[in-house]
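Trainee: Our numbering numbers the first residue of the sequence shown as 1 and each following residue consecutively. My questions will all concern the structure given below.
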Amino acid sequence: MQIALAPMEGLVDNILRDVLTRVGGIDWCVTEFIRVCDRLLPPASFDKLAPELRSGARTAAGVPMRVQLLGSDPVCLAENAALACELGAPVIDLNFGCPAKTVNKSRGGAVLLKEPELLHAIVREVRRAVPADIPVTAKMRLGFDSPDGALDCATALAEGGSAHLVVHARTKVEGYKPPAHWEWVARVQDVVKVPVFANGEIWTVEDWRRCREVSGAEDIMLGRGLVSRPDLGLQIAAARDGREYLPMTWTDLLPLLREFWRQAQAKLSPRYAPGRMKQWLAMLTRSYPEAVVLFAELRREDDCARISRLLGVEEASFEVCVA
């Protein structure tokens, strides 16, 4: 069983990847998508979203990181995938699941699920362009507005050369609205010969148990569930192994929250750092009553020094430096 941290644009950046993988329970993580349009990107574009490439494509905790690309031009994607490998990417992941309107309008992400032949061509060209020892993988939704073509899309990706598939068990139109249709993950597994990861609506150990029962998938990818409950991977791993586990408390979480804030201040301008802090804290309110109280205090606060005091961060201890 593998447990992966999902790529989420504007949320799971290198700071949150670092903090979440420190907790444990995650086998690998994926970058936010790197958009590929009509040219070979400069190395700086990869460095911006995947600074871990400078450190052996691993987070500080040693968790492997994969590089995700998004686009619709098979040749251009292949050229950029080859460059990413030269820069140190150990795996190339391809995004066919992003539901954002701006992305779909520019012919990227989930809109490509309308064109199984193009999916096949993209994976085939990327597979040909990267070294044989570097896997190419793909993340898909069930379809754009209907799951009727999900099996065709999955087959196209697998036959194109994807080493495994991550299936977010909702369509683009459904976005992130529950439920996730885990039964379709089982149907995908029936038609492809590569491993299939289940993704979507896994917030608790109980959700994971139901997902495994319905989908039959042993491997999972956690997104918002892990962001909201940072030790969810550890909880699931313990349940899988039949071990007792005491979930992380708010007291356990506070040092991670402070570390996140330190790194956010190092990486972002004072104008944007508070927003990133509030974004994660808002998601934590789902699992921690204490986060509700703290979020109420921080909600309208934009002064970094005051936020530091509310978090119990001493300015003199601000030593983190993140590129």
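The C-beta atom is built at its ideal place from N, Cα and C for all residues, glycine as well. Because the structure is a prediction, the values reported are computed rather than measured.
What does residue 64 pair with, by DSSP beta-bridge criteria?
Mentor: Start at 1 with the first residue of the sequence shown, and residue 64 comes out as number 64. Answer by DSSP bridge pairing, in chain order: 58.
Trainee: To which residues of the same chain is residue 253 closer than 8 Å at the C-beta, ignoring the five residues directly before and after it?
Mentor: Indexing the sequence shown from 1 puts residue 253 at position 253. These residues qualify, in order along the chain: 230, 284 and 288.
Trainee: Looking at the secondary structure, which residues open and close the alpha helix (DSSP H) in which residue 295 lies?
Mentor: Looking up residue 295 in the sequence shown gives position 295. Unbroken alpha helix (DSSP H) run through residue 295: 289-298.
Trainee: Which partner residues does residue 138 have in the DSSP bridge list?
Mentor: To locate residue 138, count along the sequence shown from 1; it is residue 138. Answer is 94 and 165, bridged to residue 138.
Trainee: Which of helix, strand or coil does DSSP assign to residue 310?
Mentor: As a first step, residue 310 is located in the sequence shown; it is residue number 310 there, counting from the start. In the structure shown, residue 310 sits in a helix (DSSP, three-state: H, G or I).
Trainee: DSSP three-state call for residue 261: helix, strand or coil?
Mentor: Along the sequence shown, one-based indexing puts residue 261 at 261. Correct three-state label for residue 261: helix.
Trainee: Nearest CA to the CA of residue 160: which residue from 295, 68 and 94?
Mentor: On the sequence shown, position 160 is the one that residue 160 refers to. Of 295, 68 and 94, the residue nearest in Cα terms is 94.
Trainee: What does the Cβ neighbour count give for residue 302, buried or exposed, with the cut at 16 atoms within 10 Å?
Mentor: To locate residue 302, count along the sequence shown from 1; it is residue 302. Classification of residue 302: exposed, given that the 10 Å Cβ count is below 16.
Trainee: Using three-state DSSP, classify residue 15 as helix, strand or coil.
Mentor: Counting from 1 along the sequence shown, the entry for residue 15 is found at position 15. Helix at residue 15.
Trainee: Exposed or buried, what is residue 273 when buried is set at 16 or more other beta-carbons lying within 10 Å of its beta-carbon?
Mentor: Stepping through the sequence shown from its first residue, residue 273 is reached at position 273. Counting Cβ neighbours within 10 Å, residue 273 comes out buried, since at least 16 surround it.
Trainee: Give the straight-line distance between the Cα atoms of residue 189 and residue 195, rounded to the nearest whole angstrom.
Mentor: On the sequence shown, residue 189 is found 189 positions in, with the first residue counted as 1. On the sequence shown, residue 195 is found 195 positions in, with the first residue counted as 1. Straight-line Cα distance between these residues: approximately 7 Å.
Trainee: Would you identify the three-state DSSP class for residue 196, choosing helix, strand or coil?
Mentor: By 1-based counting over the sequence shown, the position of residue 196 is 196. Here DSSP, grouped into helix, strand and coil, assigns residue 196 to strand.
Trainee: Tell me, which residues are paired with residue 26 by DSSP?
Mentor: Working through the sequence shown from its first residue, we reach residue 26 at position 26. In DSSP, residue 26 forms no bridge with anything.
Trainee: Report yes if the C-beta distance between residue 78 and residue 119 is below 8 Å; otherwise report no.
Mentor: Working through the sequence shown from its first residue, we reach residue 78 at position 78. Working through the sequence shown from its first residue, we reach residue 119 at position 119. No, the Cβ-Cβ distance between residue 78 and residue 119 is not below 8 Å.
Trainee: For the alpha helix (DSSP H) containing residue 283, name the first residue and the last one.
Mentor: Along the sequence shown, one-based indexing puts residue 283 at 283. Here the alpha helix (DSSP H) through residue 283 covers 273-284.
Trainee: Kindly indicate which residue of 122, 276 and 65 has the alpha-carbon position closest to the one of residue 75.
Mentor: As a first step, residue 75 must be located in the sequence shown, where it is residue number 75. Checked all of 122, 276 and 65; the closest Cα to residue 75 is 122.
Trainee: Does DSSP put residue 87 in a helix, a strand or coil?
Mentor: Position 87 of the sequence shown, counted from the start, is the residue given in the question as residue 87. DSSP places residue 87 in coil when its eight states are reduced to three.
Trainee: What's the call for residue 101, buried or exposed, on a 16-neighbour Cβ count within 10 Å?
Mentor: As a working note, residue 101 is residue 101 in the sequence shown. Under this definition residue 101 is an exposed residue.
Trainee: For residue 43, count neighbouring Cβ atoms within 10 angstroms of its own Cβ and tell me buried if that reaches 16, exposed if not.
Mentor: The count along the sequence shown starts at 1 and reaches residue 43 at position 43. With fewer than 16 other Cβ atoms within 10 Å, it is exposed.
Trainee: What are the start and end residues of the alpha helix (DSSP H) that includes residue 3?
Mentor: If you number the sequence shown from 1, residue 3 lands on position 3. Residue 3 -> not in any alpha helix (DSSP H); beta strand (DSSP E) instead, spanning 3-5.
Trainee: Along the chain, where does the beta strand (DSSP E) containing residue 222 start, and where does it finish?
Mentor: In the sequence shown, the residue the question calls residue 222 occupies position 222. For residue 222, the enclosing beta strand (DSSP E) covers residues 220-222.
Trainee: What does a CB cutoff of less than 6 Å around residue 152 pick up in its chain, not counting 5 residues either side in sequence?
Mentor: For the purposes of this step, residue 152 is taken as residue 152 along the sequence shown, with counting starting at 1. Counting only Cβ-Cβ distances below 6 Å, and skipping sequence neighbours, we find 116.
Trainee: Please identify the residue among 111, 46 and 114 whose C-alpha is closest to the C-alpha of residue 83.
Mentor: Here residue 83 refers to the residue found at position 83 when the sequence shown is read from its first residue. Taking only the C-alpha atoms, the option nearest residue 83 is 46.
Trainee: Pairs of beta-carbons, one from the stretch 139-147 and one from the stretch 167-174, closer than 8 Å: are there three or more?
Mentor: yes
Trainee: Closest by CA to residue 112, which one among 73, 124, 135 and 129?
Mentor: Counting from one through the sequence shown, the residue named residue 112 turns up at place 112. Measuring C-alpha to C-alpha distances from residue 112 to each of 73, 124, 135 and 129 identifies 73 as the nearest.
Trainee: Is it true that the CB of residue 97 sits closer than 8 Å to the CB of residue 110?
Mentor: Looking up residue 110 in the sequence shown gives position 110. Looking up residue 97 in the sequence shown gives position 97. For residue 110 and residue 97, yes; Cβs fall inside 8 Å.
Trainee: Does the count of Cβ pairs from the stretch 217-228 and the stretch 6-24 closer than 8 Å reach three?
Mentor: yes
Trainee: Using 10 angstroms around the beta-carbon of residue 40, count the other beta-carbons present and answer buried if the total reaches 16, otherwise exposed.
Mentor: Start at 1 with the first residue of the sequence shown, and residue 40 comes out as number 40. Result: exposed.
Trainee: Please list, in chain order, all residues of the same chain as residue 258 whose beta carbon is under 8 Å from its beta carbon, the five residues on each side excluded.
Mentor: As a position in the sequence shown, residue 258 is number 258, starting the count at 1. For residue 258, where only same-chain residues beyond five positions count, the Cβ hits under 8 Å are 311, 312 and 313.
Trainee: Would you kindly work out how many angstroms separate the C-alpha atoms of residue 71 and residue 292, rounded to a whole number?
Mentor: Numbered from 1 along the sequence shown, position 71 holds the residue referred to as residue 71. Numbered from 1 along the sequence shown, position 292 holds the residue referred to as residue 292. In this model, residue 71 and residue 292 are separated by some 38 Å (Cα to Cα).
Trainee: Within this structure, are the beta carbons of residue 92 and residue 34 separated by less than 8 Å?
Mentor: Position 92 of the sequence shown, counted from the first residue, corresponds to residue 92. Position 34 of the sequence shown, counted from the first residue, corresponds to residue 34. No.
Trainee: Go ahead and pull the three-state DSSP assignment for residue 202.
Mentor: The count along the sequence shown starts at 1 and reaches residue 202 at position 202. DSSP places residue 202 in coil when its eight states are reduced to three.
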